[in-house]
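Data block below; observations after.
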Amino acid sequence: MNLDSKIPSGPLEEKWEKHKFEMKLVNPANRRKYDVIVVGSGLAGASAAATLGGHGYNVKCFCFQDSPRRAHSIAAQGGINAAKNYQGDGDSVHRLFYDTIKGGDFRAREANVHRLAEVSRNIIDQCVAQGVPFARDYGGLLDNRSFGGAQVSRTFYARGQTGQQLLLGAYSALNREINRGSVKMYSRTEMLDVVVVDGKARGIIVRNLITGEITAHTAHAVILASGGYGNVFYLSTNAKGCNVTATWRAHKRGAGFANPCYTQIHPTCIPVSGDYQSKLTLMSESLRNDGRVWVPKKQNDKRTAAEIPESERDYYLERKYPSYGNLAPRDIASRSAKEACDSGRGVGPGGLGVYLDFADSIKRLGEDAIKKRYGNLFHMYQKITAENPYKTPMRIYPAVHYTMGGLWVDYNLMSNIPGLFVLGEANFSDHGANRLGASALMQGLADGYFVIPFTLPNYFANEKFEPVNESDPAFKQTLDEVQTRTTKLLSIKGNRSVDSFHKELGKIMWDKCGMARDKSGLEEAIKKIPQLREEFWQNVKVLGDEKDLNQSLERAGRVADFLEFGELMCRDALHREESCGGHFRTEHQTEDGEAKRNDDKFCYAGVWEFKGDGKPSELHKENLTFENVKLATRSYK
Amino acid sequence: MDLTLHVWRQKNSKSDGHMEIVEAKDVSEHSSFLEMLDVVNENLLGQGKEPIAFDHDCREGICGACSLVINGEPHGPEYGTTTCQLHMRSFKSGQHVYIEPWRARALPVLKDLIVDRTSFDRIQQAGGFVSSNTGSPQDANALPIPKPDADKAFDAAVCIGCGACAAACKNASPMLFVAAKVSQLAILPQGKPERERRVLAMVDQMKKEGFGNCTNQYECEAACPKEISVEHIARMNREYFRAAILEEPEKQGHGGD
Ligand SMILES: Cc1cc2nc3c(=O)[nH]c(=O)nc-3n(C[C@H](O)[C@H](O)[C@H](O)COP(=O)(O)OP(=O)(O)OC[C@H]3O[C@@H](n4cnc5c(N)ncnc54)[C@H](O)[C@@H]3O)c2cc1C
Ligand code: FES
Chain L
192 MNLDSKIPSG PLEEKWEKHK FEMKLVNPAN RRKYDVIVVG SGLAGASAAA TLGGHGYNVK
252 CFCFQDSPRR AHSIAAQGGI NAAKNYQGDG DSVHRLFYDT IKGGDFRARE ANVHRLAEVS
312 RNIIDQCVAQ GVPFARDYGG LLDNRSFGGA QVSRTFYARG QTGQQLLLGA YSALNREINR
372 GSVKMYSRTE MLDVVVVDGK ARGIIVRNLI TGEITAHTAH AVILASGGYG NVFYLSTNAK
432 GCNVTATWRA HKRGAGFANP CYTQIHPTCI PVSGDYQSKL TLMSESLRND GRVWVPKKQN
492 DKRTAAEIPE SERDYYLERK YPSYGNLAPR DIASRSAKEA CDSGRGVGPG GLGVYLDFAD
552 SIKRLGEDAI KKRYGNLFHM YQKITAENPY KTPMRIYPAV HYTMGGLWVD YNLMSNIPGL
612 FVLGEANFSD HGANRLGASA LMQGLADGYF VIPFTLPNYF ANEKFEPVNE SDPAFKQTLD
672 EVQTRTTKLL SIKGNRSVDS FHKELGKIMW DKCGMARDKS GLEEAIKKIP QLREEFWQNV
732 KVLGDEKDLN QSLERAGRVA DFLEFGELMC RDALHREESC GGHFRTEHQT EDGEAKRNDD
792 KFCYAGVWEF KGDGKPSELH KENLTFENVK LATRSYK
Chain E
1467 MDLTLHVWRQ KNSKSDGHME IVEAKDVSEH SSFLEMLDVV NENLLGQGKE PIAFDHDCRE
1527 GICGACSLVI NGEPHGPEYG TTTCQLHMRS FKSGQHVYIE PWRARALPVL KDLIVDRTSF
1587 DRIQQAGGFV SSNTGSPQDA NALPIPKPDA DKAFDAAVCI GCGACAAACK NASPMLFVAA
1647 KVSQLAILPQ GKPERERRVL AMVDQMKKEG FGNCTNQYEC EAACPKEISV EHIARMNREY
1707 FRAAILEEPE KQGHGGD
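These protein sequences, in sequence, are chains L and E.
Under the numbering used here, read the first sequence as residues 192 to 828, first letter to last.
Under the numbering used here, read the second sequence as residues 1467 to 1723, first letter to last.
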């Protein structure tokens, strides 16, 4: 497997500018000769499709929802980072770069992260030009808030629904191109495979989710912007449809999967309430600007929050990390909550919760000010729990939220399969072992608006393309394989529902490959998952027709892929004998329970190559070199 | 609690549908409405019956996918709440619950409770955007926007495109949906250059899709899970009349060189 990162030479600050100049262009008249497939209409996919369409390429965009506007990006709440330094509090491109590298626990590529910090500023300009209504102050200028892992206010927001407003901005740009005829949108269409011809990605196989028809689409390049795989845990803050199918199928066609074990557990979610639970709800990290996290000092304290006096409360984040306090990064805040609960000091049903308390802020700023900042989040909390967070503290617990791992890409966002590009949460590129809050939206839009429009033309201009069509053998064969698999799922006619398999897999993943991992647990999971997979293919029950809208069939296909992917995640976690960011191996911790990295052995991206069903995947390494920052132990104390 | 559900079942867009009775036993009051349906579906599957199809994704009230008429009300009995955020504590044991899809000619049923809402996308495609190319627009703070304007635009921009407004309206008019976008962009300076073209094109597309017109009954406002005000419809009507007067047929031809 060739893992040439293609990082341009020269000083860090000049790499991207220099590279942009050196890359080849495609002249406007020739652009319409190139067909581009974009899988995904979230921030990454919609921004890429709209921009490439605007430049004159022939774009086809796919999503499984009924409208591109419903991509999971819509649910992002808190905000988007950008090094604008509008608050004059010492922010800069370099500081955002450094915070992101450090936040990622020194497991990301310097050059990519620096580019991200550079273009972050353009994103805000672009979105404002589209009519995105960011929060403003009374002078009419843009407002900012702080997020975890940063000591400056660089997060732009739109109440508690920043993702919605950014996605609707990108969706409107996409609509403009659909209207002009440069983008053709295929909603309720699921990609089920990539077609590789002569070593290049030349198309995809899709299923029309209304008619069940399976067809092929050809192109000169395929862009995957299909989001993250957090739903491998069954319960997560992701939307129900989020899946690993697009990236996993590409992996099985040769694309390297990098760092699958890096998952982010978000510290502030509403705790699980029962076994009917279908998803977990995030309470934005922005709440930690004004909320204080605490648990009782005593174990098994059954008193209500109000009954526990100040002196008997442990504001453990403020105590352990005085300089960042409640704004410690996510991995640290999550693990601390787990520790508090594991030590018997958790609150609420089952003791799996900690308090997030706004009483001090309400006293200081008034209820109205808090309502203005977080009204919709408080409202959502109250809806779900029937408790009033203005009066009693919220109860929160960590939940799976984001996946840093993804398909391996080079500096140009191209995977090791030529012509297969990967953007947004689906790739592995910028967040290392832990992502800072408000940086996923930034990355998705950076990839789609400001990176791929330069790197894709360069690929086109340097390649020669043989014509392909849907009846070529490679297309026919891939289509047949997809067809056979789909028919197979319906023909098993077993006794267990798709959801029951998904829940069981999720429990294995959460117990053995969740917030804390160890060798024996991971080995156990690696034994159990193939057994569960085997049972799935013998005993799953999927009703309904193939040639009809069939939600059970859609889910079955996704769960089948999770059952393969989960095993790879555990293998990756097992091999990485260190703790870093979201990957915490209990064997590797400092005396006071902090993550202990091993830079001598593990300062690389672990990239897995698929070797065939039933055969062990092969690990390749992209060594990470740090020329501009010093590898240091992360400290937020 | 135990409930008796009356659910609309329809195999596909070509077949006829009917109401079917399904019993829901031992429902937890803490579960959401869709979680209740998940459990019902697992039971149906156990009995060898096809699960009830319904649209959903985020289950947080923001993606706009969920869409059920519950006891005659789009998104059910709670004010300002999507179906996915509706919790079973709003129901009583022994209650009969009628669950139907959105009903409008321009929102045809695809299966059971799922409807085709691509007409909503086409309305947005007709003009719901600001024509700005990706590139290097001016600095975001170069043009301050008075906070009241920004807030008002935001109040319109929260629309999730679920379709409840059209489902609630006796004329099947999605005017609140159209108005939300027109109003958001008419208030912001970035949207001003195209405001005439936008409102005319969007309303025109709405009619082409077969939706009805607004006769000011305000059912939409009551049904809107995001509590968008009909004030935006009033603004849109002003925009529309203004545009109809101002808009001249576009001049043909290109520049001299
Ligand atoms: C609740 C929540 C809150 C968040 N808040 C923040 C925040 O405040 N700030 C921040 O920076 N980040 C936040 N994040 C993270 C961020 O929202 C996501 O990482 C980001 O939006 C992902 O964007 P994307 O474009 O890569 O993918 P997505 O938005 O997930 O889009 C994926 C697209 O791919 C399509 N797709 C997937 N598979 C297929 C297939 N097989 N065939 C066809 N189409 C397919 C889907 O239809 C969809 O259009 C949050 C995440 C969650 C869960
Ligand atoms: S499922 Fe997304 S709004 Fe209800």
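All residues carry an ideal CB built from backbone N, CA and C; glycine is no exception.
What you are looking at is a predicted structure, and each value in this text was computed from that prediction instead of being measured.
- Between L:P324 and L:Q356 a beta carbon distance of about 6 Å is seen, short of the 8 Å cut, so the two are scored as contacting.
- For E:L1576, a Cβ of chain L is located within less than 8 Å of the residue's own Cβ.
- A residue is called buried when at least 16 other Cβ atoms come within 10 angstroms of its Cβ; L:S606 meets this threshold and is buried.
- Contact between L:V659 and L:R393 holds, since their C-beta atoms are separated by about 5 Å, short of 8 Å.
- Considered as a whole, the stretch 1474-1518 of chain E harbours 1483-1490 as its complete beta strand (DSSP E) runs of no fewer than 3 residues, in chain order.
- Within its own chain, the residues whose Cβ lies closer than 8 Å to the Cβ of L:I499, once the five positions on either side in sequence are excluded, are P487, D492, listed in chain order.
- Apart from the 5 residues on each side of it in sequence, L:D548 sits with its Cβ closer than 8 Å to the Cβ of G482, R483, V484, W485, A496, P584, M585 in its chain, given in chain order.
- According to DSSP, L:D384 shares a beta bridge with L:I396.
- A Cβ-Cβ distance of about 11 Å is found for the pair E:E1705 and E:V1644, leaving them out of contact under the 8 Å criterion.
- Of all residues in the stretch 1506-1523 of chain E, those with a C-beta nearer than 9 Å to a C-beta of chain L are N1507, E1508, L1510, L1511, G1512, G1514, K1515, E1516, P1517, A1519, F1520, D1521, H1522, D1523, reading in chain order.
- Using a CB distance cut-off of 8 Å, E:F1557 does not count as an interface residue toward chain L.
- For the C-beta of E:T1470, not a single chain L residue is nearer than 9 Å; the gap to the nearest is close to 19 Å.
- Beyond the five residues adjoining it in sequence on each side, L:H263 comes within less than 7 Å, by CB distance, of G233, G418, N429, A430, C433 in the same chain, given in chain order.
- If the five residues before and after L:A531 are omitted, its C-beta is found closer than 8 Å to the C-beta atoms of V486, D505, Y507, G537, V545, all from its own chain and listed in chain order.
- A Cβ of chain L is located within less than 8 Å of the beta carbon of E:Q1650.
- When the beta-carbon positions are compared, L:A320 and E:Q1591 stay at least 8 Å from each other.
- With a cut-off of 7 Å, the C-beta of E:C1625 is classified as distant from ligand 1, since no heavy atom of the ligand falls inside that distance.
- Residues of the stretch 1562-1589 of chain E with a C-beta less than 8 Å from any C-beta of chain L: L1576, K1577, I1580, D1582, R1583, T1584, F1586, D1587, listed in chain order.
- A straight-line Cα-Cα distance of about 7 Å links L:G639 and L:L614.
- DSSP places L:M760 in the uninterrupted alpha helix (DSSP H) bounded by 742-766.
- For the 8 Å CB-CB criterion, L:I717 and L:E657 do not form a contact.
- Contact between L:N480 and L:S337 holds, since their C-beta atoms are separated by about 6 Å, short of 8 Å.
- Residue contact with chain L for E:T1547: present (Cβ-Cβ distance below 8 Å to some residue of chain L).
- For the stretch 305-324 of chain L, the beta-carbon criterion of a distance under 7 Å to any beta-carbon of chain E is satisfied by N313, I315, D316, Q317, V319, A320, Q321, G322, P324.
- Residues of the stretch 204-238 of chain L whose Cβ lies closer than 8 Å to any Cβ of chain E, in chain order: S238.
- Annotated three-state conformation of L:W701 is helix, per DSSP.
- DSSP places L:Q356 in the uninterrupted alpha helix (DSSP H) bounded by 353-371.
- Secondary structure of L:I643 (DSSP, three-state): helix.
- Excluding residues up to 5 positions away in sequence, Y507, L508, K511 lie with their Cβ nearer than 7 Å to the Cβ of L:S527 in the same chain.
- Non-local C-beta neighbours of L:N649 in its own chain, meaning closer than 6 Å and more than five positions away in sequence, comprise M214, K215, ordered along the chain.
- With distances taken between CA atoms, E:S1481 lies nearest to E:K1577 out of E:I1589, E:V1669, E:L1510, E:K1577.
- Pairing L:Y225 with L:F651 gives a Cβ-Cβ distance under 8 Å.
- The Cβ-Cβ distance between L:L713 and L:C761 falls below 8 Å.
- Residues D1621, E1687 of the same chain have their beta carbon placed closer than 8 Å to that of E:S1695, with the five preceding and five following residues left out of the count.
- Nearest CB-CB separation between L:I587 and chain E: not below the 8 Å threshold.
- Every alpha helix (DSSP H) of 4 residues or more that sits fully in the stretch 521-574 of chain L is shown, in chain order, as 521-533, 550-556.
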